[in-house]
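The listed protein sequences derive, respectively, from chains Y and P.
Residue 815 is where the first sequence starts when you use the numbering used here, and the numbers rise one by one after that.
Residue 32 is where the second sequence starts when you use the numbering used here, and the numbers rise one by one after that.
Each residue gets a CB set at the ideal place from its N, CA and C atoms; glycine is no exception.
For reference, the structure is listed below as structure tokens.
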Amino acid sequence: MKTKTGVRGGIGQSVRRVDGVPKVKGEFEYASDLRRDGMLWGETVRSPHPHARIKAIDIRAALESPGVRAVLLAGDVPGKKTYGLDAQDQPVLAWDVVRFAGEPVALVAAEQPEQAKQAATKIVVDYEVLSPVTEMEAALQADAPKLHPQGNVVRQLRVIHGDPEAEAEVWVEGTYETGMQDQAPLGPEAGLAVPAEDGGVDLYIATQWLHADLEQIAPCLNLPPEKVRLNLSGVGGAFGAREDVSMQIHACMLALRTQRPVKIAYGRQESFYGHVHRHPSRIWMRHGATRDGKLINVQAKLLVDGGAYTSTSPAVIGNATTFAAGPYAVPNARLEGTAVFTNNPPCGAMRGFGAVQACFAYEAQMDKLARAVNLHPIEVRLKNALKTGDVLPTGQRVTGAAPVRDLLSRCAALPMPPAESPLDRDRMLIPGGAGNVGHGEALTRGVGFAAGYKNLAYSEGFDDSSEAWVRLSVDQEGPLAEVKTAAVDVGQGLDTIVTQVVRTELGVQRVLVRQPDTAIGSAGSSSASRQTMMTGGAVQLACQAVRDEVLRRAGTSIIPDPLDEYLRPPIEATRVFRHRRTGKLDADGQGDPHVSFAFGAARAVVEVDTELGLVRVVQLAVSQDVGRALNPQSVRGQIEGGSAQGLGLALMEEIELKDGKIRNASFTDYLLPTILDMPPVVSDLVEEPEPGLPYGAKGVGEPSTVVVPAAIVAALRAATGRELPRAPVKPDELVGIR
Amino acid sequence: MRSEMDVYVPRTLDEALQQKSAHPDAISLAGGTDVMVEINFGRLRPAGIIDLTRIPELREWRREDSHLFLGAGVTYSRIVRELADFVPLVQASRSVGSPQIRNRGTVGGNLGTASPAGDALPVLAAYDAEVVLQNRRGTRSLPWHTFLQGPKKTAMAPDELIRGTRWQVVNGPGSFSKIGTRNAMVIAVAGLCLQVDQDARQVRVALGSVGPTILRAPEAERFIAERLTWDDPGAPVTDEVVAEFAELVGRAAKPIDDVRGTARYRVHGCTVLAGRALRWALEERKAFKWL
Ligand SMILES: Cc1cc2nc3c(=O)[nH]c(=O)nc-3n(C[C@H](O)[C@H](O)[C@H](O)COP(=O)(O)OP(=O)(O)OC[C@H]3O[C@@H](n4cnc5c(N)ncnc54)[C@H](O)[C@@H]3O)c2cc1C
Chain Y
815 MKTKTGVRGG IGQSVRRVDG VPKVKGEFEY ASDLRRDGML WGETVRSPHP
865 HARIKAIDIR AALESPGVRA VLLAGDVPGK KTYGLDAQDQ PVLAWDVVRF
915 AGEPVALVAA EQPEQAKQAA TKIVVDYEVL SPVTEMEAAL QADAPKLHPQ
965 GNVVRQLRVI HGDPEAEAEV WVEGTYETGM QDQAPLGPEA GLAVPAEDGG
1015 VDLYIATQWL HADLEQIAPC LNLPPEKVRL NLSGVGGAFG AREDVSMQIH
1065 ACMLALRTQR PVKIAYGRQE SFYGHVHRHP SRIWMRHGAT RDGKLINVQA
1115 KLLVDGGAYT STSPAVIGNA TTFAAGPYAV PNARLEGTAV FTNNPPCGAM
1165 RGFGAVQACF AYEAQMDKLA RAVNLHPIEV RLKNALKTGD VLPTGQRVTG
1215 AAPVRDLLSR CAALPMPPAE SPLDRDRMLI PGGAGNVGHG EALTRGVGFA
1265 AGYKNLAYSE GFDDSSEAWV RLSVDQEGPL AEVKTAAVDV GQGLDTIVTQ
1315 VVRTELGVQR VLVRQPDTAI GSAGSSSASR QTMMTGGAVQ LACQAVRDEV
1365 LRRAGTSIIP DPLDEYLRPP IEATRVFRHR RTGKLDADGQ GDPHVSFAFG
1415 AARAVVEVDT ELGLVRVVQL AVSQDVGRAL NPQSVRGQIE GGSAQGLGLA
1465 LMEEIELKDG KIRNASFTDY LLPTILDMPP VVSDLVEEPE PGLPYGAKGV
1515 GEPSTVVVPA AIVAALRAAT GRELPRAPVK PDELVGIR
Chain P
32 MRSEMDVYVP RTLDEALQQK SAHPDAISLA GGTDVMVEIN FGRLRPAGII
82 DLTRIPELRE WRREDSHLFL GAGVTYSRIV RELADFVPLV QASRSVGSPQ
132 IRNRGTVGGN LGTASPAGDA LPVLAAYDAE VVLQNRRGTR SLPWHTFLQG
182 PKKTAMAPDE LIRGTRWQVV NGPGSFSKIG TRNAMVIAVA GLCLQVDQDA
232 RQVRVALGSV GPTILRAPEA ERFIAERLTW DDPGAPVTDE VVAEFAELVG
282 RAAKPIDDVR GTARYRVHGC TVLAGRALRW ALEERKAFKW L
């Protein structure tokens, strides 16, 4: 295939990943591989208690420990003592009170990692243990201990739409829960801080958003932002876990104190304590409809556990609440959301960001409604499906593509997996897999559907712009385009997409994507399914500016071929892409909060061993509204990966807490789906270009994660006839002995 | 805590036994799939390590008259490839971890760790295997239940190595099953091995992950031994008998609630697995394969 300018590998093609070969060959440098001569190793001392008062800290023995070069406490934080993405309420190092088990209390730097670990064990913290607040409802009681000066409510909002008292002929009701999921990126947190001659620091770091890190790091170090330079290192996955700062400030503090390069690299166990998780939720809903299944009124009360600090909880509960009625046209609604503080580990961003929890609840309700009015689950959804021009409960009108009906009917029509004999098949494909628990006994199949949606880019008035620099020059091999942004390829394939955009816009085959750093303007976060739209957009604008200059020099209206003679001197352009403005919500949750939406529909086919409660997901079929697939293979990759993460939430992934403490902080007991758990995914790309976005492409990273948990649990309900109000669904719930 | 560690790399069994006796506080290392996890978690900090992977004697298995001797260092991958006749052992081995873990992990290591969730252990218990221990002065054999003393506790002396395990080759069908909340690479929530011994006229059942150590189900075993028509594998066995047997196996379980599952579910799981395993064995017996 060729683009209009005769160049291979432009947009719309399944171009191979630029980072693919080095990653497969083990040659890609991840942050955990960072090394410098003479570097020290940093170690973090964490609170074992979810709630305690620090009475004293004795660091004498640690200072004397072999190889130790520094031991730092809260008093050593050079500037602001707290940080945070939304509110700066999280201590860099705790003083006075610790609010979750795993909260950093002290830092050590030593010559060898083992020495740092040993010294860390010698720090004696005298805690007065306080009773932890670990239940959301308990945290909201008037007599609950206040975990923060403002109390235990992170954010409360309500969305009042139409007449929330409107009567209906049929009502269905339920309360649903989801557990605390971990992003479990394969690369744990790591970075290297190098002190600079100007008194500043250079940080090499795996993150999702260099500039948001910078904004939080610099004030804590008491340095002007220009003296803190962030350079992106290899990112081993993120899924939201790298939105919050983890070891960044710590490594910089140790480097500045010792004037030596300092590396901090978490292991898997520490990673569970060192980043935020997906909010556990408890959601009550009541849906009113006409006897023939048309929605009249949706009532919802949503509660999510933000844990000990604010992180991104305000935006997560904002999403969950504004999406609580689902991708349906609903004339009346009262949606109330609350994010609470507890002494559980802090929760923040994870793929799906509030939309996942809401979808789990509203889709269970839609199935209940289908039963109550005697309609097929697809029919009841089709009857209510949102479309372009409809008004959401927030009063926001959907102006872009909203092909919900299309998604539903296409998803339902995707080929079903073939029926299988229970006896005559590979035993690995029986629920329980390698465990050899059955030869086909007690198997039933179930099919479940879910539709859902999520916002693209940041909402509620946030201006998450992206800046790109493009340079077009010529050398012995011909024209060369170079691109630089601060946008992070977290593994989703952004660098490849950027290359495709440049090829399409400039018609130049050779494209070099430079390593991101904070020398250029912010690109915003690699989250909220936004980077292809936003940085793709910025690169497109910069390329167009470069192209205009080429055309001016050549005096032509199309890019000349050959191009070389017009590139001396080289042409450069820097451009910023902004999405349309959004607005804050008023007291009744009315406004224009979201930029754009991506919709998805999933069908799950499951097989359950009804005696043992073990499950095999036979097939997942996902139809997704992608606007336009800039790299179809990448889009399908996102759908498959997002589905796997959704399957994990439905069936096995949960951080188990007891009295605020994590009981399964390792991959031994925090179970991620294996290849035997993950079925083939049939993905169907619905392309209806989105006005106002580059090439009409919508972000594609999240919708499958939003809808798949709901679809799988719906299928489990269909197979077993049980309520299953909570995800992940445990075997004992499937056999009804809980 | 010291930051240095002595590593010994013996090439012969004799050398290893010498080193073990000279450094009883050094830990034996086979595949390392338990040891390295403990070290990485900071729960284990041995004074030294004796790497047993280069010792040919430990990597052998052989028939000894009517017995099978399985060297401590035989990996799960090799068992799956080389010991197809021992169906429950192969099934248990196939259920262990991932290909990488099966390529490294050994039955000797499973015994050394003595976790109630060790998947090879219910099989050894159902085979009524003995564990062969050796030190510089000689060898001794302990029945599996004497060797396994409790959760992560064994009767092995500090100067001893596990030479291997040995059992009478059983004439009769058997199987191993393991329940986990994931379809592969999962620690057992409950495991069960059932072995019919035609010659001894016994059905032996062993349970993993449902007690402080591996458990047998003696009442269930007695019950079913009396109900089977030993000379006529074709004789029908009623659903009621299977159900009662399963019930008795469930009652032999002594599980706790933990992060992997509840005690109630574990008992239930043992009951279901026991019923299924018995039915599978009876079907196979009917095929006259075992007479
Ligand atoms: C990812 C993962 C998945 C796993 N999955 C499973 C599973 O599904 N089922 C399961 O049962 N286990 C599982 N395990 C645990 C482990 O793989 C097994 O227990 C395995 O049998 C250990 O064997 P090894 O050779 O690696 O032992 P090592 O780790 O080398 O040793 C284990 C213990 O045995 C001692 N030891 C070893 N050999 C001898 C010897 N010859 N003489 C004296 N002492 C000795 C060691 O000193 C140590 O105490 C898993 C482990 C991992 C990391």
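Under the Cβ distance rule, A1248 (chain Y) counts among the residues neighbouring chain P, one pair being separated by less than 8 Å. One thing to note: S172 (chain P) has its Cβ no nearer than 8 Å to the Cβ of L304 (chain P). In the DSSP assignment, I1078 (chain Y) falls within the unbroken beta strand (DSSP E) covering 1076-1079.
In this structure, DSSP gives Y897 (chain Y) an extended state, which the three-state scheme calls strand.
Within the same chain, Cβ atoms closer than 6 Å to the Cβ of Q902 (chain Y) are found at T896, the five residues on either side in sequence being excluded. Closer than 8 Å to the CB of M853 (chain Y) there is not a single CB belonging to chain P.
Excluding sequence positions up to five before and after E843 (chain Y), its CB lies within less than 8 Å of the CB of S1047, G1048, all in the same chain and listed in chain order. The bridge partners DSSP lists for T1534 (chain Y) come to none. Between E1363 (chain Y) and I1385 (chain Y), the gap from beta carbon to beta carbon is short of 8 Å. Contacts between M216 (chain P) and chain Y, judged by CB atoms closer than 7 Å, involve T1488 in chain order. Counting along the chain, G976 (chain Y) sits inside no beta strand (DSSP E), nor does DSSP assign it H or E at all. For G1121 (chain Y), same chain residues with a beta-carbon under 7 Å away, outside a window of 5 residues either side, are F914, T1156, N1158, P1159, P1160, C1161 in chain order. Counting along the chain, the unbroken beta strand (DSSP E) around F207 (chain P) starts and ends at 205-210. Assignment of N141 (chain P) by DSSP, reduced to helix, strand and coil, places it in the helix class. Counting C-beta pairs closer than 8 Å gives three or more between the stretch 1106-1118 of chain Y and the stretch 1140-1156 of chain Y, which meets the contact rule. Against H1253 (chain Y), the close residues of chain P are R307, W311, in the order they occur along the chain (beta-carbon pairs closer than 8 Å). For Q1459 (chain Y), no Cβ of chain P is located within less than 8 Å of the residue's own Cβ. For K317 (chain P), the uninterrupted alpha helix (DSSP H) run begins and ends at 294-317, by DSSP. DSSP, read as helix, strand or coil, puts D270 (chain P) in helix. For A148 (chain P), the CB falls within less than 7 Å of some heavy atom of ligand 1. At a cut-off of 8 Å between C-beta atoms, Q226 (chain P) does not count as an interface residue with respect to chain Y. Inclusion of L89 (chain P) and G139 (chain P) in the CB contact set at 8 Å is warranted, their separation being smaller than that value.
Within chain Y, the C-beta atoms nearer than 9 Å to that of S208 (chain P) come from G1246, G1249, N1250, V1251, G1252, in chain order.
Going by C-alpha positions, A312 (chain P) is about 13 Å away from V201 (chain P).
Residues of the stretch 1274-1302 of chain Y that bring their beta carbon within less than 8 Å of a beta carbon in chain P are absent altogether.
Distance from the Cα of A1010 (chain Y) is smallest, within the candidate group Y:R1074, Y:F1053, Y:D1491, Y:E1504, for Y:R1074. When secondary structure is reduced to three states using DSSP, T1152 (chain Y) falls in the strand class. In this structure, the alpha-carbon of F1411 (chain Y) lies about 7 Å from that of Y1267 (chain Y).
In terms of beta-carbon proximity, F117 (chain P) stays away from the interface with chain Y, with every pair separated by 8 Å or more. Remark: C-beta atoms of A870 (chain Y) and V922 (chain Y) do not approach each other more closely than 8 Å. A residue is called buried once 16 or more other Cβ atoms fall within 10 Å of its Cβ, and Q1171 (chain Y) is buried on that count. Segment contact: the stretch 983-991 of chain Y against the stretch 1068-1087 of chain Y, fewer than three CB-CB distances shorter than 8 Å; contact not assigned. R1185 (chain Y) and R1259 (chain Y) have their C-alpha atoms some 19 Å from each other.
Judged by DSSP in its simplified three-state form, V1187 (chain Y) adopts coil rather than helix or strand. Within chain Y, D1546, I1551, R1552 have C-beta atoms less than 9 Å from the C-beta of R295 (chain P), given in sequence order. Non-local beta-carbon contacts of N1478 (chain Y) in its own chain, meaning distances under 7 Å to residues more than five positions away in sequence, involve I1469, E1470, Y1484 in chain order.
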